[in-house]
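**Student:**
2 protein chains.
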Amino acid sequence: MPHEITIHSPATLSNLGCGFDVLGLALSAPYDIITLRRAAKPGLVIRHFDEYNLPIDPAQNVAGVALQALLSAVNDPALGFELDITKGIRPGSGIGSSAASAAGAVVAANEWLGRPFSKLELVELAMHGEALASGARHADNLAPAIFGGFTLVRALLPTLDIVALPAPPLWVAVVHPQIEIRTKDARAVLPATVPLGLAVRQWANVGGLVAGLLIADHALIGRSLEDYIVEPARAALLPGLAEARARALAAGALGGGISGSGPSLFMLCADEATARAAAAAMGGVYRELEIAFLLHVGPVAGQGARVAARK
Amino acid sequence: MPHEITIHSPATLSNLGCGFDVLGLALSAPYDIITLRRAAKPGLVIRHFDEYNLPIDPAQNVAGVALQALLSAVNDPALGFELDITKGIRPGSGIGSSAASAAGAVVAANEWLGRPFSKLELVELAMHGEALASGARHADNLAPAIFGGFTLVRALLPTLDIVALPAPPLWVAVVHPQIEIRTKDARAVLPATVPLGLAVRQWANVGGLVAGLLIADHALIGRSLEDYIVEPARAALLPGLAEARARALAAGALGGGISGSGPSLFMLCADEATARAAAAAMGGVYRELEIAFLLHVGPVAGQGARVAARK
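Keeping their order, the protein sequence lines are chains P and Z. According to the numbering used here, the first sequence holds residues 1 to 311 in order. According to the numbering used here, the second sequence holds residues 1001 to 1311 in order.
1) Just to confirm the assignment: which complete beta strand (DSSP E) runs, minimum length 3, are found wholly within the region 137 to 169 of chain P?
2) May I ask you to report which of helix, strand or coil DSSP gives Ser14 (chain P)?
3) Would you mind giving the Cβ-Cβ distance between Tyr52 (chain P) and Pro91 (chain P), rounded to the nearest angstrom? I have them listed as a contact below 8 Å.
4) In angstroms with no decimal places, state the Cα-to-Cα distance between Leu1254 (chain Z) and Ala1167 (chain Z).
5) CA-CA distance, Ala1368 (chain Z) and Gly257 (chain P)?
6) Compare the Cα-Cα distances from Gly1149 (chain Z) to each of Z:Lys1041, Z:Arg1137 and Z:Ala1011 and report the closest residue.
7) Measure from the C-beta of Pro1191 (chain Z) to each C-beta in chain P and report whether the shortest distance is under 8 Å.
8) Does the count of Cβ pairs from the region 237 to 255 of chain P and the region 276 to 293 of chain P closer than 8 Å reach three?
9) Shortest alpha-carbon distance to Ser1347 (chain Z) belongs to which of Z:Gly1208, Z:Ile1034, Z:Leu1268 and Z:Glu1111?
10) Hey, out of P:Ala155, P:Pro263, P:Gln303 and P:Leu268, whose CA is closest to Leu294 (chain P)'s CA?
11) Determine the direct distance from the alpha carbon of Leu1025 (chain Z) to that of Arg1154 (chain Z), and round the result to whole angstroms.
12) Kindly say whether Gly1019 (chain Z), judged by its beta-carbon, lies nearer than 8 Å to any beta-carbon of chain P.
13) May I ask you to report which of helix, strand or coil DSSP gives Asp1084 (chain Z)?
14) Around the C-beta of Val307 (chain P), are 16 or more other C-beta atoms found within 10 angstroms, so that it is buried, or is it exposed?
15) Does Asp1161 (chain Z) get closer than 8 Å to chain P when you measure Cβ to Cβ?
16) Applying a beta-carbon distance threshold of less than 9 Å, which residues of chain Z neighbour Ile258 (chain P)?
17) Using the rule of at least 16 other Cβ atoms within 10 Å of the residue's Cβ for burial, across every protein chain shown, is Met1001 (chain Z) buried or exposed?
18) Nearest by alpha-carbon distance to Ala1040 (chain Z): which of Z:Ser1259, Z:His1003, Z:Ser1101 and Z:Ile1007 is it?
19) How close, in whole Å, do the beta carbons of Leu1122 (chain Z) and Val1107 (chain Z) come, if the pair is a contact with beta carbons under 8 Å?
20) Can you tell me which of P:Asp84, P:Leu27, P:Leu70 and P:Ser14 puts its alpha carbon nearest to the alpha carbon of Val45 (chain P)?
21) Compare the C-beta of Ile1215 (chain Z) with all C-beta atoms of chain P and state if any pair is closer than 8 Å.
22) Under a CB-based cut-off of 8 Å, is Leu1220 (chain Z) close to chain P?
23) Roughly how many whole angstroms lie between the Cα atoms of His1008 (chain Z) and Ala1292 (chain Z)?
24) Just to confirm the assignment, what range does the alpha helix (DSSP H) spanning Val1062 (chain Z) have?
25) Relative to the alpha-carbon of Gly1104 (chain Z), which residue among Z:Glu1288, Z:Ile1179 and Z:Pro1144 has its alpha-carbon at the smallest distance?
26) Of all Cβ atoms in chain Z, is any one closer than 8 Å to the Cβ of Val123 (chain P)?
27) Could you work out which residues of chain P lie near Arg1223 (chain Z), taking near to mean beta carbons separated by less than 9 Å?
28) Can you tell me the Cβ-Cβ gap for Gly96 (chain P) and Gly260 (chain P), rounded? I've got them flagged as a contact below 8 Å.
29) Would you kindly report the start and end of the unbroken beta strand (DSSP E) that includes Gly1252 (chain Z)?
30) From Leu142 (chain P) to Ile162 (chain P), what distance separates their C-alpha atoms?
31) List the residues of chain P whose Cβ lies closer than 9 Å to the Cβ of Val1300 (chain Z), in chain order.
32) Taking Cβ-Cβ distances shorter than 8 Å, what residues in chain P pair up with Pro1232 (chain Z)?
33) For the region 180 to 206 of chain P, list every residue whose C-beta sits within 8 Å of some C-beta in chain Z, in sequence order.
34) Give me the chain Z residues within the contact set of Leu165 (chain P), using Cβ-Cβ distance strictly less than 8 Å, ordered along the chain.
35) How should Glu130 (chain P) be labelled, buried or exposed, when 16 other C-beta atoms within 10 angstroms of its C-beta is the threshold for buried?
36) Hey, could you find the ends of the beta strand (DSSP E) Asp185 (chain P) is sitting in?
Next comes the structure, spelled out in structure tokens:
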């Protein structure tokens, strides 16, 4: 058994335009840094080394809840872990902050234990953490956080079904305006029902986006990103959205939209130069609006949460 | 210019379970046989060599309307064609009978003219014929009838967007119970709106089916075929559906559902032997129900409407 294991667990984008609740991708940065070591006593001890004042009670911490689910599955009453978490991903940013912590914790423990769990099982376990964070059992951020790359959560029930989607190299530009959109509010504006014709257009785009990724057709990816259902409902929550998108497209981005339930916006791009230009263009909109913002630019990460150090 | 051109224009399946209005595939048989030759006078002369008493007035015949749209695009007032049609596909079978005639007519004329039109443009032109047949402008049967293989109609507007989906070799079993389901009735039972959660499950399956085809994952294809929205609404129109599906699955079929608006049922299968077993199993259900039926078994056709003879 190693003395301690450190994991880098990446930010992720969910929805990806048309694919509400089912599509996602892993970013190369930012990421949470999670170090796990054997504790002297059974149970969990969590420490945070960041500025966000997240709860350290394991039952109230997403990483703690995920790790507790893993411990229950292992069923070794003597086992306990210490978990040091340094969040590189701001909570509430809409780029999978809670998923990164939950994924990192279970990936760390799985490595410590000699990998008894599959990636799919790790997502299942980490979903307990996501349920604490959002009140709903979902995997659209966890799937890319653990599998890396682009992922499709085809089903949650009767059994979790995740499809890794091979894709060409792509870059991502993310702008995170420093405004708060609570996930519950973002859910509350969603329509309970959608017109069948609009749903058809949406699933045509999901098919187009998946095909575009798998046959490496940049133009098809761009055309397919459009979201007819969720983004129109949430657009009012996010100032600058239309203008930021327009300028990013003018800068050469393939397409994009709100990441998760916001407030971050993402744009997929064919290369680094375009992603940097798209990020700068989106940043310009928020500068003009006098809304503070963060920018993230990087390639889609082929890998999910990964071992960064082992002692 | 050739003296005459004969086209075999294939039956097609639309919807493919989860992909209502957007997914389709081309069968290798049955097919319509369409022979086109230059007419002595401008305009169209249509003759039918089959038992279905379809209208031969070009303005009331789907092939005629499609061909007239092509003639209008060519804009040669002197040009006229004779069209001989032998339908191999029964009208009202739900396997793209009208699409085959419309596609065959425009493909024949395109060949005669030296291929001035792209496949996408041919679908656009043939959609005029489909609009006559169903009252709606749609391309989910025409796309595979002209492109062959599996197709996704990603968008009809603002411009038609069709994606050809490379797929592993697959076989299809089709049972056509001899009952009448009018397209208009099949449309009337559709819900005007669908719960968002169900729409999400549906588009997850569309993504899964497209991914399954492109990465040649038979099990994923099978899991993804399930239709949560359209088939439940139409099931009552089609006696024997649940039992036929159950027996086909038991015979090894990957999955399937109602073809188009019915009454045909299809099952995708990994190989010929399984497709024959699935067809026999479905036929058994209709024999027990004392409903006459036709069976079609064949591979998915890589090609759409094609030149069979040229004089």
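Yeah, the Cβ is synthetic: ideal placement off N, Cα and C, and Gly gets one too.
**Tutor:** Answer, in terms of the structure:
1) 150 to 155 and 161 to 165
2) What you label residue 14 (chain P) is simply residue 14 of the first sequence in a count that begins at 1. In the structure shown, Ser14 (chain P) sits in a strand (DSSP, three-state: E or B).
3) Residue 52 (chain P) sits at position 52 when you count from the first residue of the first sequence. Residue 91 (chain P) sits at position 91 when you count from the first residue of the first sequence. Right, their Cβ atoms sit about 5 Å apart.
4) Position 254 of the second sequence, counting from 1, holds the residue named residue 1254 (chain Z). Position 167 of the second sequence, counting from 1, holds the residue named residue 1167 (chain Z). The alpha-carbon atoms of Leu1254 (chain Z) and Ala1167 (chain Z) are separated by roughly 14 Å.
5) Since the first residue shown for chain Z is 1001 and the last is 1311, residue 1368 (chain Z) is missing from the structure and cannot be characterised.
6) Residue mapping note: residue 1149 (chain Z) aligns to position 149 of the second sequence, counting from 1. Here the closest residue by C-alpha is Z:Ala1011.
7) For the purposes of this step, residue 1191 (chain Z) is identified with residue 191 of the second sequence, where counting begins at 1. Taking Cβ atoms only, chain P reaches closer than 8 Å to Pro1191 (chain Z), which makes this a yes.
8) yes
9) Any answer about residue 1347 (chain Z) is impossible in this case: the structure gives chain Z only from 1001 up to 1311.
10) What you label residue 294 (chain P) is simply residue 294 of the first sequence in a count that begins at 1. The candidate whose alpha carbon is nearest that of Leu294 (chain P) is P:Pro263.
11) For the purposes of this step, residue 1154 (chain Z) is identified with residue 154 of the second sequence, where counting begins at 1. For the purposes of this step, residue 1025 (chain Z) is identified with residue 25 of the second sequence, where counting begins at 1. Rounded to the nearest angstrom, the two C-alpha atoms are 14 Å apart.
12) The sequence position of residue 1019 (chain Z) within the second sequence is 19, counting from 1. For Gly1019 (chain Z), the answer is yes, since a Cβ of chain P falls inside 8 Å of its Cβ.
13) On the second sequence, residue 1084 (chain Z) is found 84 positions in, with the first residue counted as 1. Of the three classes helix, strand and coil, the one that applies to Asp1084 (chain Z) here is strand, per DSSP.
14) The residue labelled residue 307 (chain P) in the question sits at position 307 within the first sequence. Val307 (chain P) comes out exposed.
15) For this step, residue 1161 (chain Z) is matched to residue 161 along the second sequence. Yes, Asp1161 (chain Z) lies at the interface with chain P (some Cβ there is under 8 Å from its Cβ).
16) Here the question's residue 258 (chain P) lines up with position 258 in the first sequence. None at all; the shortest Cβ gap to chain Z is about 16 Å.
17) Translated into positions along the second sequence, residue 1001 (chain Z) becomes position 1. Looking at its Cβ environment, which holds fewer than 16 other Cβ atoms inside 10 Å, Met1001 (chain Z) is exposed.
18) Residue mapping note: residue 1040 (chain Z) aligns to position 40 of the second sequence, counting from 1. The shortest Cα separation from Ala1040 (chain Z) among Z:Ser1259, Z:His1003, Z:Ser1101 and Z:Ile1007 belongs to Z:His1003.
19) Here residue 1122 (chain Z) refers to the residue found at position 122 of the second sequence. Here residue 1107 (chain Z) refers to the residue found at position 107 of the second sequence. Contact flag correct, Cβ pair sits at about 6 Å.
20) Your numbering for residue 45 (chain P) matches position 45 in the first sequence. Out of P:Asp84, P:Leu27, P:Leu70 and P:Ser14, P:Asp84 has the C-alpha closest to the C-alpha of Val45 (chain P).
21) Within the second sequence, residue 1215 (chain Z) is the residue found at index 215, counting from 1. Interface residue, yes.
22) Residue mapping note: residue 1220 (chain Z) aligns to position 220 of the second sequence, counting from 1. With 8 Å as the cut-off, Leu1220 (chain Z) counts as an interface residue toward chain P.
23) Locating residue 1008 (chain Z) in the second sequence gives position 8, where the first residue counts as 1. Locating residue 1292 (chain Z) in the second sequence gives position 292, where the first residue counts as 1. Cα to Cα, His1008 (chain Z) sits roughly 27 Å from Ala1292 (chain Z).
24) In the second sequence, the residue the question calls residue 1062 (chain Z) occupies position 62. Where Val1062 (chain Z) is concerned, the enclosing alpha helix (DSSP H) stretches over Val1062 to Val1074.
25) Counting from one through the second sequence, the residue named residue 1104 (chain Z) turns up at place 104. Nearest of Z:Glu1288, Z:Ile1179 and Z:Pro1144 to Gly1104 (chain Z), Cα basis: Z:Pro1144.
26) Looking up residue 123 (chain P) in the first sequence gives position 123. Answer no: the Cβ-Cβ gap between Val123 (chain P) and chain Z never drops below 8 Å.
27) Along the second sequence, one-based indexing puts residue 1223 (chain Z) at 223. Ordered by position in chain P, the residues that pass the 9 Å Cβ test against Arg1223 (chain Z) are Arg154, Ala155 and Asp161.
28) One-based indexing of the first sequence puts residue 96 (chain P) at position 96. One-based indexing of the first sequence puts residue 260 (chain P) at position 260. Their Cβ separation, rounded to whole angstroms, is 7 Å, which keeps Gly96 (chain P) and Gly260 (chain P) in contact under 8 Å.
29) Sequence index remark: in the second sequence, residue 1252 (chain Z) carries index 252 (1-based). Run containing Gly1252 (chain Z): none; DSSP gives neither H nor E here.
30) The sequence position of residue 142 (chain P) within the first sequence is 142, counting from 1. The sequence position of residue 162 (chain P) within the first sequence is 162, counting from 1. Whole-angstrom Cα-Cα distance: 10 Å.
31) Position 300 of the second sequence, counting from 1, holds the residue named residue 1300 (chain Z). Result: empty, since nearest Cβ-Cβ is about 17 Å, beyond 9 Å.
32) Position 232 of the second sequence, counted from the first residue, corresponds to residue 1232 (chain Z). Residues of chain P passing the Cβ test: none, with the nearest at roughly 13 Å.
33) Leu190, Pro191, Ala192, Thr193, Val194, Pro195, Leu196, Ala199, Val200, Arg201, Gln202, Trp203, Ala204, Asn205 and Val206
34) Taking the first sequence and counting its residues from 1, the one referred to as residue 165 (chain P) is at position 165. Under the 8 Å cutoff, chain Z gives Ala1211.
35) If you number the first sequence from 1, residue 130 (chain P) lands on position 130. Per the 10 Å Cβ criterion, buried.
36) The residue labelled residue 185 (chain P) in the question sits at position 185 within the first sequence. Element bounds for Asp185 (chain P): not the beta strand (DSSP E) but the alpha helix (DSSP H), Thr183 to Ala188.
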